[in-house]
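Reading through the C-alpha coordinates given below for one structure.
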Amino acid sequence: IMLHEQGRTAYANVPHMTNTNIIPILSFATVNLDWEWRYGKTDFQDRFTPDLTVAQTIGRQCGNIPLILAGGHTPPDDPAYEWMVRTRLGVCLVHEIRVWNWRTDDGHYDMLGRLFAFGYGTGDCRVYNYWDDGFPLTIEGADARGIVVVNGPRAIAIVTDYGEGGECTLALDLAATGVPATVTPRDLETGEALAGAAPGTVSFPLKQHDFRAVIFE
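Residue 721 is where the sequence shown ends in my numbering, and the numbering goes up by one at each step.
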(Lines of atoms letter the chains of each structure in order from A and count residues from 1; the text may use other names and numbers.)
(Lines give C-alpha, C1' and ligand atoms only; values in the text may rest on other atoms or scores of the structure.)
Protein backbone atom coordinates (compact mmCIF):
# COMPACT_ATOMS: atom_id res chain seq x y z
CA ILE A 1 0.00 0.00 0.00
CA MET A 2 2.84 2.38 0.86
CA LEU A 3 4.54 1.74 -2.49
CA HIS A 4 1.24 2.23 -4.31
CA GLU A 5 0.60 5.53 -2.56
CA GLN A 6 4.08 6.71 -3.55
CA GLY A 7 3.46 5.83 -7.19
CA ARG A 8 6.06 3.08 -7.20
CA THR A 9 5.73 -0.34 -8.77
CA ALA A 10 4.69 -2.87 -6.14
CA TYR A 11 6.10 -6.24 -7.11
CA ALA A 12 4.90 -9.49 -5.61
CA ASN A 13 7.44 -10.09 -2.87
CA VAL A 14 7.42 -13.79 -2.02
CA PRO A 15 9.97 -14.57 0.73
CA HIS A 16 10.69 -18.16 1.66
CA MET A 17 9.81 -17.47 5.27
CA THR A 18 9.58 -21.11 6.35
CA ASN A 19 9.20 -21.38 10.13
CA THR A 20 10.47 -17.81 10.54
CA ASN A 21 7.58 -15.35 10.66
CA ILE A 22 9.48 -12.17 11.49
CA ILE A 23 6.77 -9.52 11.51
CA PRO A 24 8.79 -6.33 10.79
CA ILE A 25 10.40 -7.94 7.75
CA LEU A 26 7.41 -9.83 6.36
CA SER A 27 5.18 -6.75 6.65
CA PHE A 28 6.95 -5.58 3.48
CA ALA A 29 6.15 -8.82 1.67
CA THR A 30 3.08 -9.78 -0.36
CA VAL A 31 3.04 -13.49 0.37
CA ASN A 32 4.14 -15.80 3.18
CA LEU A 33 5.74 -18.81 1.47
CA ASP A 34 5.81 -21.45 4.16
CA TRP A 35 6.16 -25.18 4.86
CA GLU A 36 9.34 -25.71 2.90
CA TRP A 37 10.23 -28.26 5.54
CA ARG A 38 9.05 -31.63 6.80
CA TYR A 39 8.73 -33.00 3.29
CA GLY A 40 7.85 -36.64 2.77
CA LYS A 41 4.75 -38.79 2.53
CA THR A 42 3.19 -38.12 5.92
CA ASP A 43 -0.28 -36.64 6.35
CA PHE A 44 -0.24 -32.87 6.64
CA GLN A 45 -2.09 -33.07 9.96
CA ASP A 46 0.98 -34.88 11.33
CA ARG A 47 3.38 -32.29 9.92
CA PHE A 48 1.88 -29.08 11.30
CA THR A 49 -0.45 -28.54 14.24
CA PRO A 50 -3.45 -26.22 14.00
CA ASP A 51 -1.86 -23.91 16.57
CA LEU A 52 1.35 -23.61 14.55
CA THR A 53 -0.63 -23.01 11.37
CA VAL A 54 -2.68 -20.16 12.86
CA ALA A 55 0.29 -18.57 14.65
CA GLN A 56 2.78 -18.82 11.81
CA THR A 57 1.32 -19.60 8.40
CA ILE A 58 -1.99 -17.86 7.73
CA GLY A 59 -0.30 -14.51 7.05
CA ARG A 60 -2.79 -12.27 8.83
CA GLN A 61 -0.25 -10.96 11.30
CA CYS A 62 1.55 -9.37 8.33
CA GLY A 63 -1.37 -8.77 6.01
CA ASN A 64 0.05 -11.29 3.54
CA ILE A 65 -1.39 -14.02 1.34
CA PRO A 66 -0.66 -17.44 2.89
CA LEU A 67 1.05 -19.71 0.39
CA ILE A 68 2.80 -23.06 0.81
CA LEU A 69 5.02 -25.09 -1.46
CA ALA A 70 3.46 -28.24 -2.91
CA GLY A 71 4.62 -30.26 0.04
CA GLY A 72 6.74 -33.32 -0.28
CA HIS A 73 7.73 -33.61 -3.92
CA THR A 74 6.54 -37.20 -3.79
CA PRO A 75 6.10 -38.39 -7.41
CA PRO A 76 2.45 -38.44 -8.55
CA ASP A 77 2.80 -42.14 -9.41
CA ASP A 78 3.68 -42.97 -5.81
CA PRO A 79 0.78 -44.90 -4.19
CA ALA A 80 0.92 -42.50 -1.22
CA TYR A 81 0.63 -39.36 -3.34
CA GLU A 82 -3.15 -39.10 -3.79
CA TRP A 83 -3.92 -39.43 -0.09
CA MET A 84 -1.08 -37.12 0.93
CA VAL A 85 -2.38 -34.28 -1.22
CA ARG A 86 -5.93 -34.86 0.00
CA THR A 87 -4.77 -34.32 3.58
CA ARG A 88 -3.02 -31.18 2.37
CA LEU A 89 -6.23 -29.94 0.76
CA GLY A 90 -8.23 -30.45 3.95
CA VAL A 91 -5.70 -28.51 6.00
CA CYS A 92 -5.50 -25.71 3.43
CA LEU A 93 -9.26 -25.30 3.03
CA VAL A 94 -10.02 -24.75 6.71
CA HIS A 95 -7.08 -22.33 7.10
CA GLU A 96 -7.62 -20.49 3.76
CA ILE A 97 -4.08 -21.33 2.59
CA ARG A 98 -3.13 -21.40 -1.07
CA VAL A 99 -0.74 -23.93 -2.64
CA TRP A 100 2.11 -23.19 -5.04
CA ASN A 101 1.65 -26.43 -6.94
CA TRP A 102 4.07 -27.02 -9.75
CA ARG A 103 2.88 -30.48 -10.79
CA THR A 104 -0.84 -31.08 -11.11
CA ASP A 105 -4.00 -29.64 -9.63
CA ASP A 106 -4.65 -32.78 -7.55
CA GLY A 107 -8.30 -31.81 -7.15
CA HIS A 108 -7.25 -28.68 -5.27
CA TYR A 109 -8.36 -26.25 -7.96
CA ASP A 110 -11.58 -28.17 -8.53
CA MET A 111 -12.61 -27.67 -4.91
CA LEU A 112 -11.61 -24.00 -4.98
CA GLY A 113 -13.65 -23.63 -8.17
CA ARG A 114 -16.72 -24.96 -6.39
CA LEU A 115 -16.18 -22.46 -3.57
CA PHE A 116 -15.64 -19.57 -5.98
CA ALA A 117 -18.82 -20.52 -7.87
CA PHE A 118 -20.63 -20.33 -4.52
CA GLY A 119 -19.36 -16.78 -4.08
CA TYR A 120 -16.34 -17.36 -1.85
CA GLY A 121 -13.98 -14.40 -2.08
CA THR A 122 -16.67 -11.90 -3.06
CA GLY A 123 -18.38 -9.23 -1.00
CA ASP A 124 -21.53 -11.35 -0.93
CA CYS A 125 -19.93 -13.98 1.30
CA ARG A 126 -19.17 -14.03 4.98
CA VAL A 127 -16.38 -16.30 6.19
CA TYR A 128 -16.13 -17.67 9.71
CA ASN A 129 -12.84 -19.17 10.93
CA TYR A 130 -12.74 -21.72 13.73
CA TRP A 131 -10.23 -19.75 15.81
CA ASP A 132 -12.49 -16.69 16.03
CA ASP A 133 -14.94 -16.02 18.84
CA GLY A 134 -18.51 -16.90 17.96
CA PHE A 135 -17.61 -19.53 15.35
CA PRO A 136 -21.08 -20.68 14.24
CA LEU A 137 -20.35 -24.39 13.81
CA THR A 138 -20.30 -27.02 16.54
CA ILE A 139 -18.24 -30.14 15.73
CA GLU A 140 -18.76 -33.32 17.74
CA GLY A 141 -17.50 -36.88 17.39
CA ALA A 142 -14.14 -35.99 15.85
CA ASP A 143 -11.12 -33.85 16.66
CA ALA A 144 -11.66 -31.61 13.67
CA ARG A 145 -11.24 -27.98 12.62
CA GLY A 146 -13.62 -26.13 10.34
CA ILE A 147 -14.58 -23.13 8.26
CA VAL A 148 -18.02 -21.77 7.36
CA VAL A 149 -18.82 -19.71 4.27
CA VAL A 150 -22.25 -18.07 4.04
CA ASN A 151 -23.85 -16.51 0.97
CA GLY A 152 -27.38 -15.29 1.58
CA PRO A 153 -29.59 -18.22 2.60
CA ARG A 154 -26.92 -20.85 1.82
CA ALA A 155 -23.84 -22.01 3.66
CA ILE A 156 -20.86 -24.30 3.18
CA ALA A 157 -19.16 -25.95 6.14
CA ILE A 158 -15.81 -27.70 5.69
CA VAL A 159 -14.16 -29.77 8.40
CA THR A 160 -10.87 -31.67 8.43
CA ASP A 161 -9.89 -34.25 11.00
CA TYR A 162 -6.78 -33.84 13.17
CA GLY A 163 -7.34 -36.92 15.33
CA GLU A 164 -8.48 -40.48 14.80
CA GLY A 165 -11.62 -39.75 12.80
CA GLY A 166 -15.07 -40.79 13.97
CA GLU A 167 -18.78 -40.31 13.50
CA CYS A 168 -18.85 -36.56 13.03
CA THR A 169 -21.86 -34.36 13.74
CA LEU A 170 -22.02 -30.73 12.61
CA ALA A 171 -24.50 -28.20 13.94
CA LEU A 172 -24.69 -24.89 12.08
CA ASP A 173 -25.91 -21.93 14.12
CA LEU A 174 -28.78 -20.86 11.90
CA ALA A 175 -29.60 -17.74 13.87
CA ALA A 176 -26.03 -16.44 13.81
CA THR A 177 -25.55 -17.10 10.10
CA GLY A 178 -29.03 -16.12 8.92
CA VAL A 179 -29.48 -19.45 7.15
CA PRO A 180 -33.12 -20.64 7.15
CA ALA A 181 -34.17 -23.89 8.83
CA THR A 182 -35.50 -25.17 5.50
CA VAL A 183 -32.01 -25.88 4.12
CA THR A 184 -30.93 -29.47 3.52
CA PRO A 185 -27.32 -30.69 3.58
CA ARG A 186 -25.42 -32.50 0.85
CA ASP A 187 -21.83 -33.36 0.10
CA LEU A 188 -20.24 -30.57 -1.95
CA GLU A 189 -17.83 -32.95 -3.71
CA THR A 190 -20.17 -35.79 -4.63
CA GLY A 191 -23.65 -34.26 -4.44
CA GLU A 192 -24.70 -37.00 -2.02
CA ALA A 193 -27.67 -36.09 0.18
CA LEU A 194 -26.81 -36.09 3.87
CA ALA A 195 -29.03 -36.29 6.93
CA GLY A 196 -29.16 -34.67 10.34
CA ALA A 197 -31.28 -34.94 13.44
CA ALA A 198 -32.47 -31.33 13.30
CA PRO A 199 -32.41 -28.32 10.94
CA GLY A 200 -28.85 -27.15 10.33
CA THR A 201 -27.32 -30.41 11.53
CA VAL A 202 -25.66 -33.27 9.66
CA SER A 203 -23.87 -36.48 10.63
CA PHE A 204 -21.40 -38.59 8.65
CA PRO A 205 -18.35 -40.82 9.17
CA LEU A 206 -15.11 -38.86 8.93
CA LYS A 207 -11.97 -40.83 8.17
CA GLN A 208 -8.76 -40.02 10.04
CA HIS A 209 -7.20 -36.88 8.52
CA ASP A 210 -9.86 -36.69 5.81
CA PHE A 211 -12.10 -33.70 5.16
CA ARG A 212 -15.75 -33.22 4.29
CA ALA A 213 -17.39 -30.24 2.63
CA VAL A 214 -21.11 -29.86 3.28
CA ILE A 215 -23.39 -27.39 1.56
CA PHE A 216 -26.64 -26.33 3.21
CA GLU A 217 -29.14 -25.00 0.69
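For each residue, glycine too, the CB sits at the ideal point set by N, CA and C. In this text the structure is predicted, and so the values were computed from the model without any measurement.
- Task: Name, in chain order, the residues that DSSP records as bridge partners for D604.
- Result: Here the question's residue 604 lines up with position 100 in the sequence shown. It is Trp, not Asp, that sits at residue 604 in the sequence shown. DSSP, once it has assigned bridges, lists L573 as partnering W604.
- Kindly list the residues whose CB is nearer than 8 angstroms to the CB of F622, restricted to its own chain and excluding five residues on each side of it in sequence; keep chain order. Residue 622 sits at position 118 when you count from the first residue of the sequence shown. Closer than 8 angstroms at the Cβ level, and outside the excluded window around F622, lie C629, V653, N655, R658, I660 and I719.
- Item | Euclidean distance between Cα positions of P519 and I572 | Along the sequence shown, one-based indexing puts residue 519 at 15. Along the sequence shown, one-based indexing puts residue 572 at 68. Rounded to whole angstroms, P519 to I572 spans 11 angstroms at the Cα level.
- Spatial neighbours of S531 within its chain, please: CB distance less than 6 angstroms, with the 5 preceding and 5 following residues excluded, ordered by chain position. Along the sequence shown, one-based indexing puts residue 531 at 27. Excluding sequence positions up to five before and after S531, its CB lies within less than 6 angstroms of the CB of C566, all in the same chain and listed in chain order.
- 8 angstroms contact criterion, which T673 and R649 should meet: CB distance rounded: In the sequence shown, counting from the first residue as 1, residue 673 sits at position 169. In the sequence shown, counting from the first residue as 1, residue 649 sits at position 145. About 15 angstroms; that fails the 8 angstroms criterion.
- Message: Measuring straight from C-alpha to C-alpha, what distance separates L698 and D582?
- Response: Indexing the sequence shown from 1 puts residue 698 at position 194. Indexing the sequence shown from 1 puts residue 582 at position 78. Roughly 33 angstroms separates the two Cα atoms.
- Message: For T792 and H599, what's the separation of their Cα atoms in angstroms?
- Response: There is no way to answer for residue 792, as the model of the chain reaches only from 505 to 721.
- Item | Outcome for H612 when other beta-carbon atoms lying within 10 angstroms are tallied against a minimum of 16 | Here residue 612 corresponds to residue number 108 of the sequence shown, with the count starting at 1. Buried: at least 16 other Cβ atoms inside 10 Å.
- Query: At what residues does the beta strand (DSSP E) containing R564 begin and finish?
  - Reply: By one-based count along the sequence shown, residue 564 stands at place 60. Looking at the DSSP string, R564 is not in any beta strand (DSSP E), and its letter there is neither H nor E.
- Item | Limits of the beta strand (DSSP E) - the one that F715 falls within | Counting from 1 along the sequence shown, the entry for residue 715 is found at position 211. Element bounds for F715: F715 to F720.
- Roughly how many angstroms lie between the CA atoms of L507 and I526, to the nearest whole one? In the sequence shown, the residue the question calls residue 507 occupies position 3. In the sequence shown, the residue the question calls residue 526 occupies position 22. L507 and I526: Cα-Cα distance of roughly 20 angstroms.
- Proximity winner among T522, M588, A701 and I569, relative to A685 (alpha-carbon distances): Position 181 of the sequence shown, counted from the first residue, corresponds to residue 685. It is A701 whose Cα lies nearest to the Cα of A685.
- Task: For K711, collect the residues of the same chain with a Cβ closer than 6 angstroms to its Cβ; drop the 5 residues on either side in sequence, then sort them by chain order.
- Result: Indexing the sequence shown from 1 puts residue 711 at position 207. If we look at K711 and ignore the five residues flanking it on each side, its Cβ neighbours are G669.
- Query: Does the Cβ of P675 have 16 or more other Cβ atoms within 10 Å, making it buried, or fewer, making it exposed?
  - Reply: Reading the sequence shown from its first residue, position 171 is the one you call residue 675. Just to set this straight, residue 675 is Ala in the shown sequence, not Pro. With 16 or more neighbouring CB atoms inside 10 Å of its own CB, A675 falls in the buried class.
- W604 vs L537 beta-carbon contact at 8 angstroms: On the sequence shown, position 100 is the one that residue 604 refers to. On the sequence shown, position 33 is the one that residue 537 refers to. Yes.
- Query: DSSP three-state call for D677: helix, strand or coil?
  - Reply: For the purposes of this step, residue 677 is taken as residue 173 along the sequence shown, with counting starting at 1. Coil, per DSSP.
- Which residue's Cα is closest to the Cα of I662: L593, A680 and A574? Start at 1 with the first residue of the sequence shown, and residue 662 comes out as number 158. Closest by alpha carbon: L593.
- First through last residue of the alpha helix (DSSP H) which encompasses A621: Residue numbering aside, residue 621 sits at position 117 when the sequence shown is read from its first letter. That run of the alpha helix (DSSP H) goes H612 to F622.
- Message: What does the Cβ neighbour count give for R564, buried or exposed, with the cut at 16 atoms within 10 Å?
- Response: Within the sequence shown, the letter at position 60 stands for residue 564. R564 is exposed by the Cβ-count criterion.
- Message: Considering Cα atoms alone, identify which of P554, T561, A533 and T513 is closest to E540.
- Response: Taking the sequence shown and counting its residues from 1, the one referred to as residue 540 is at position 36. The residue with the shortest Cα to Cα distance from E540 is T561.
- Query: Considering only the beta carbon of each residue, do V535 and A516 sit closer than 8 angstroms?
  - Reply: Position 31 of the sequence shown holds residue 535. Position 12 of the sequence shown holds residue 516. Taking 8 angstroms as the Cβ cut-off, V535 and A516 qualify as a contacting pair.
- Task: Ignore the nearest five residues each way along the sequence and tell me which others in V706's own chain have a CB closer than 6 angstroms to its CB.
- Result: As a first step, residue 706 is located in the sequence shown; it is residue number 202 there, counting from the start. Around V706: L674, P689, L698, G700 and V718.
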